[in-house]
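Each remark here refers to the structure printed beneath this line.
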Amino acid sequence: MMLGLFDEFEYFQCSNCGCLQISDMVENLSKYYPENYYSFSTKRIKSKIEEKVKNTIKGQIIKYKIGRATLVGYILSRVFNNFYWIFKGLCDYNSKILDIGCGNGNLLLELNAMGFNRLKGLDPFISKDINYLEGVTVEKKEISDIDETFDLIMFHHSFEHIGNPEEVLRKIYDCLNPKSYVLIRIPVSSCYAFRKYGINWVQLDAPRHFFLHTPVSINILAERTHFKVVRTIYDSTSFQFSGSIKYENNYTGYQVYEFSKKQLKYFEKEAKHLNNIHDGDSACFYLQKG
Numbered sequence: 004m005m006l007g008l009f010d011e012f013e014y015f016q017c018s019n020c021g022c023l024q025i026s027d028m029v030e031n032l033s034k035y036y037p038e039n040y041y042s043f044s045t046k047r048i049k050s051k052i053e054e055k056v057k058n059t060i061k062g063q064i065i066k067y068k069i070g071r072a073t074l075v076g077y078i079l080s081r082v083f084n085n086f087y088w089i090f091k092g093l094c095d096y097n098s099k100i101l102d103i104g105c106g107n108g109n110l111l112l113e114l115n116a117m118g119f120n121r122l123k124g125l126d127p128f129i130s131k132d133i134n135y136l137e138g139v140t141v142e143k144k145e146i147s148d149i150d151e152t153f154d155l156i157m158f159h160h161s162f163e164h165i166g167n168p169e170e171v172l173r174k175i176y177d178c179l180n181p182k183s184y185v186l187i188r189i190p191v192s193s194c195y196a197f198r199k200y201g202i203n204w205v206q207l208d209a210p211r212h213f214f215l216h217t218p219v220s221i222n223i224l225a226e227r228t229h230f231k232v233v234r235t236i237y238d239s240t241s242f243q244f245s246g247s248i249k250y251e252n253n254y255t256g257y258q259v260y261e262f263s264k265k266q267l268k269y270f271e272k273e274a275k276h277l278n279n280i281h282d283g284d285s286a287c288f289y290l291q292k293g
């Protein structure tokens with residue numbers, strides 16, 4: 004639906020853990036990752052002044068989040084939702100961080116601007132390796148090719164694109180330093196949006212999403228790969244409503260569908276409510292290595 008191809012794919016649901024899985028893997032996946040796919044785009048900044056202001060705000064928030072408490076950082080973190088997925092002990096400025104499925108590396112560049120200096124990205128779907136002047140590198144290679152260890156490995160909405168999650172987590176375990184974390188941010192199928200919209204649920208995103216996990220399936224994976232799930236944060240947004248309604252009305256992901264301000268405000272309110280009751284359609288799972 005995102006690209007307007009209207010191809011059909013079959014999924015099945017595990018009776019034990021509720022995880023949704025595509026029945027047959029797609030051979031020619033490149034067809035579904037065009038050059039204008041959102042993670043391959045370059046982030047645009049309106050002006051240098053705007054960039055400086057945003058970086059100052061984000062910098063204070065991160066400083067507070069990683070444990071260097073400041074009053075300014077505390078206040079800003081209550082007003083803005085930036086880097087909500089960071090908590091004290093997850094990482095520090097000197098942490099060696101790998102972002103898997105990072106596209107062009109926009110998040111890494113953002114973290115670099117905040118003071119993080121040991122950053123690497125990996126994405127098999129980019130056209131070639133990217134070496135930024137800031138010292139951030141993004142490599143075109145597979146997870147199986149990782150040959151170094153990290154303090155934090157992140158999957159920001161990329162883990163659902165992986166066809167062999169257990170094998171990947173076993174590899175990730177070997178690539179993490181002791182007591183370090185893997186952060187998995189993914190859509191979850193045990194949610195209100197999937198129950199309401201069914202095949203039009205925007206985060207089903209067939210055939211790019213091979214697995215739509217649940218907290219139960221993530222815990223099973225963690226146990227099998229010697230990880231422990233130590234924290235879960237629900238972080239769904241109004242997109243679960245706006246995107247799904249577009250698909251219900253046969254709009255593609257790139258077509259504009261007009262919502263009223265009242266509707267958008269309602270979607271945001273409902274998303275917060277669903278997150279609070281653990282029924283939102285996306286979540287962050289923090290798995291720690293022993």
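Per the numbering used here, the very first residue in the sequence shown carries number 4; after that it's consecutive. Just so you know, even glycine gets a beta-carbon here, dropped at the ideal spot from N, CA and C.
Backbone CA spacing between residue i and residue j [nearest angstrom]
i, j, result
"Tyr-289", "Tyr-135", "28 Å"
"Pro-181", "Leu-267", "44 Å"
"Asp-102", "Phe-158", "6 Å"
"Pro-210", "His-164", "9 Å"
"Phe-128", "Ile-149", "16 Å"
"Ser-220", "Ile-187", "13 Å"
"Tyr-257", "Pro-168", "29 Å"
"Gln-243", "Asp-126", "25 Å"
"Leu-23", "Ser-192", "7 Å"
"Gly-106", "Ile-133", "10 Å"
"Asp-282", "Glu-142", "35 Å"
"Cys-178", "Gly-108", "20 Å"
"Ser-161", "Ile-52", "32 Å"
"Phe-270", "Pro-218", "23 Å"
"Lys-199", "Arg-234", "27 Å"
"Ser-130", "Gly-293", "36 Å"
"Phe-15", "Leu-79", "43 Å"
Beta-carbon contacts of residue i that lie in its chain and below 8 Å, excluding the five residues immediately before and after
i, result
"Tyr-260", "Ser-245, Ile-248, Lys-249, Asn-252, Tyr-254"
Counted within 10 angstroms of its Cβ, other Cβ atoms place residue i as buried (16 or more) or exposed
i, result
"Tyr-3", "Outside the modelled stretch of the chain, which goes from 4 to 293, sits residue 3, for which no answer is possible."
"Tyr-77", "exposed"
"His-216", "buried"
"Glu-170", "exposed"
"Leu-74", "exposed"
"Asn-31", "exposed"
"Ala-274", "buried"
"Ala-196", "buried"
"Thr-59", "exposed"
"Phe-153", "buried"
"Phe-230", "buried"
"Lys-272", "exposed"
"Ile-175", "buried"
"Tyr-201", "Rather than Tyr, the amino acid found at residue 201 in this sequence is Gly. Gly-201 comes out exposed."
"Val-139", "buried"
The beta strand (DSSP E) enclosing residue i, as first and last residue numbers
i, result
"Val-191", "First-last for Val-191: undefined, no H or E at that position."
"Ser-285", "285 to 292"
"Val-232", "230 to 237"
"Ile-202", "Neither: Ile-202 is in no beta strand (DSSP E) and is coded neither H nor E."
"Asp-102", "100 to 103"
Same chain only: Cβ atoms within 6 Å of residue i, ignoring 5 sequence neighbours per side
i, result
"Phe-213", "Ile-25, Gly-166"
"Ser-285", "Pro-190, Asp-238, Ser-239"
"Glu-13", "Ser-26"
"Ala-225", "Val-232, Leu-290"
"Lys-265", "none"
Range covered by the alpha helix (DSSP H) that runs through residue i
i, result
"Gln-266", "264 to 279"
"Ile-223", "218 to 227"
"Ile-248", "242 to 251"
Cutoff 7 Å; reference residue i; Cβ partners in own chain excluding five residues on either side
i, result
"Cys-94", "Ile-69, Ile-100, Asp-154, Leu-155"
"Tyr-184", "Leu-93, Leu-155, Tyr-289, Leu-290, Gln-291"
"Gly-7", "At Gly-7, the pLDDT of 49 sits below 50, so the modelled position is not reliable; the number obtained from the coordinates is stated separately. For Gly-7, where only same-chain residues beyond five positions count, the Cβ hits under 7 Å are Thr-255."
"Asn-85", "Lys-61, Ile-64"
Problem set entry | Those runs of the alpha helix (DSSP H) which lie wholly inside the segment 108 to 187 and span at least 4 residues | 109 to 116, 168 to 177
For this session: Enumerate, from N- to C-terminal direction, the unbroken alpha helix (DSSP H) stretches of 4 or more residues contained entirely within the segment 9 to 92.
Result: 51 to 68, 74 to 82
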